[in-house]
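Q: Please find one structure pasted underneath; my questions will follow.
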Amino acid sequence: MGFFSFTQEIAIDLGTANTIIVNEGKIVVDAPSVVALDRRTEKVLAVGEQARLMDGKTPEDIRTIRPLRDGVIADFYAAEQMIRGMIKMINFKNRWFSPPLRIVICIPSGSTEVEIRAVRDSAEHAGGRDVYMIYEPMAAAIGIGVDVEAPEGNMIVDIGGGTTEIAVISLGGIVSNRSIRIAGDELTEDIVEYMRRQHNMKVGERTGESIKINVGSALTSLEDPPDDFVVHGPNQMTALPMEVPISYQEIAHCLDKSISKMEAAILSALEQTPPELYADIVHNGIYLTGGGALMRGLDKRFSDKINIPFHVAEDPLHAVAKGTGIALKNIDRYKFLIK
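One gets our numbering by counting positions in the sequence shown from 1 and adding 198 to each.
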């Protein structure tokens, strides 16, 4: 181990909405996947939460970028700068020099070779000496404590910002999977579009996200309903200020179509599952992870529709990052999962 004594090991959950970094088993960075750049010099002005606060409020010479779209890198330079900036946020024990980094990054299970290469290159340019990849549903399963090496079927539905990953896992491999680009961002877009169409109000992505967090629901009747959320914004036609209270029932109707597509994708993955594993899944239930798992009533809606119990993971937002961290810590044990 002497040779690696200076090497720092970090696990990165590079998400469309949030990036989480784990170092020595602890979450050391949990920040929005946003970077702010100077348009003229391409210099980094802010990363993470600071950049998110600038989003939608910048003057002409500053641009805020979300480098990932639909779970994959859309802007190579911005992604590299963002990873670099977030690595700088970590307080490594030895601050005299930048240590060589061994990095494990999780990627969507439907990634193409080109997309995987883009993630690897960005991590290498940001200072990674050894860069490994692990598929998101596999990392999520490890993170919530599923024994991925056991000869039984477990199904994971990981609803992130850009993609929903659905995978059946058995014997350390993915038996059947679906990766669809309907996830948190798509639901936010549905809300923005609904506000424009139904209330004639112009709202931005951040307001759409706030509505989703405060009154987002998958069912029109909840046992513990949230209070109405008051939205302020300009009228589309007159540009005069408006104030509209939004109920969770409205949002449930507005998100219905996208959630139905998620249900169809889950059924499609179940269709491809061998019967023996299918029986295990019915017995064990299906695990929901990712930020989307926090949507009110989503587990109940899926359970009623598919007739299999859905369990929301204990800490759905951090399940993938934790699993990536565990895989990094036990890299020899999980070597077969890592690309």
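Note that beta-carbon positions come from the ideal geometry of N, C-alpha and C, so glycine has one too.
Please report the distance separating the alpha-carbon of Ala365 from that of Ala437.
A: So the alpha carbons of these two residues sit roughly 46 Å apart.
Q: If you count every other CB in all the chains shown that lies within 10 Å of the CB of Met287, and 16 or more means buried, which is it?
A: It is exposed - the Cβ of Met287 has fewer than 16 other Cβ atoms within 10 Å.
Q: Going by DSSP, what residues sit across from Pro306 in a beta bridge?
A: Paired residues: none, contrary to the question.
Q: On a CA-only basis, which of His516, Lys533, Thr418, Lys498 is nearest Gly223? Give me that one, please.
A: With distances taken between Cα atoms, Gly223 lies closest to His516.
Q: Using only CA atoms, which one of Val413, Val429, His430 lies nearest to Asp422?
A: Comparing Cα positions, the closest option is Val413.
Q: Which one or two residues does DSSP pair with Pro230 in a beta bridge?
A: Per DSSP, Asn216.
Q: Identify the continuous alpha helix (DSSP H) that holds Tyr392 and give its terminal residues.
A: That run of the alpha helix (DSSP H) goes 382–397.
Q: I'd like the span of the alpha helix (DSSP H) that includes Val518, first residue to last.
A: That run of the alpha helix (DSSP H) goes 517–527.
Q: Going by C-alpha to C-alpha distance, which of Gly341, Ile340, Tyr392, Ile479 sits closest to Cys452?
A: It is Tyr392 whose Cα lies nearest to the Cα of Cys452.
Q: Looking only at its chain, what residues have a beta carbon closer than 6 Å to the beta carbon of Met280, apart from the 5 residues adjacent to it on each side?
A: Closer than 6 Å at Cβ, skipping near neighbours: Val233, Val245, Pro265.
Q: Would you call Asp419 buried or exposed, if buried means 16 or more other Cβ atoms sit within 10 Å of its Cβ?
A: This sequence places Ser at residue 419; Asp is not what is there. So Ser419 ends up on the exposed side.
Q: Tell me whether the beta-carbon of Val510 lies closer than 8 Å to the beta-carbon of Ala491.
A: Yes, these two residues count as a Cβ contact at 8 Å.
Q: For Gly370, tell me which candidate among Thr487, Lys533, Leu496, Phe204 has the shortest Cα-Cα distance.
A: Looking at the Cα atoms, Lys533 is the closest of the given residues.
Q: CB Gly213 to CB Ala339, shorter than 8 Å?
A: The answer is no: Cβ separation not under 8 Å.
Q: Write down the C-beta distance between Met460 and Thr386 rounded to the nearest angstrom, noting that I regard them as a contact closer than 8 Å.
A: The pair is not a contact, with the Cβ atoms about 15 Å apart (cut-off 8 Å).
Q: If you follow the beta strand (DSSP E) that Asp253 is part of, which residue opens it and which one closes it?
A: Taken as a continuous stretch (DSSP letters only), Asp253 belongs to no beta strand (DSSP E), as it is neither H nor E.
Q: Pull the bridge partners of Ile484 from the DSSP assignment, please.
A: Looking at the DSSP assignment, Ile484 forms a beta bridge with Met353, Phe508.
Q: Look at Ile271 and Ser320 and say whether their C-beta atoms are less than 8 Å apart.
A: Contact: yes.
Q: Where does the unbroken beta strand (DSSP E) through Arg327 begin, and where does it stop?
A: Residues 326–333.
Q: Secondary structure at Met538, three-state DSSP: helix, strand or coil?
A: Outside the shown range of the chain, which is 199 to 537, sits residue 538, and nothing can be said about it.
Q: Is it the case that the segment 351–359 contacts the segment 478–485, given that we only count it when at least three CB pairs across the two stretches are under 8 Å?
A: Contact holds: three or more Cβ-Cβ distances are below 8 Å.
Q: Identify, in the order they occur along the chain, each residue of the same chain with its Cβ nearer than 6 Å to the Cβ of Glu347, setting aside the five sequence neighbours on each side.
A: These residues qualify, in order along the chain: Gly370.
Q: Using DSSP with H/G/I as helix, E/B as strand and the rest coil, what is Ala416?
A: Three-state DSSP puts Ala416 in coil, outside helix and strand.
Q: What are the residues that DSSP puts in a beta bridge with Gly371?
A: BP columns for Gly371 point to Ser368.
Q: Relative to the C-alpha of Leu427, which residue among Arg237, Val442, Ser415, Arg499 is closest?
A: In the sequence as presented, Leu is not what sits at residue 427; that position holds Phe. The candidate whose alpha carbon is nearest that of Phe427 is Val442.
Q: List the endpoints of the continuous beta strand (DSSP E) containing Phe427.
A: Counting along the chain, the beta strand (DSSP E) containing Phe427 begins and ends at 427–432.
Q: Around the Cβ of Val312, are there at least 16 other Cβ atoms within 10 angstroms (buried) or fewer (exposed)?
A: Counting Cβ neighbours within 10 Å, Val312 comes out exposed, since fewer than 16 surround it.
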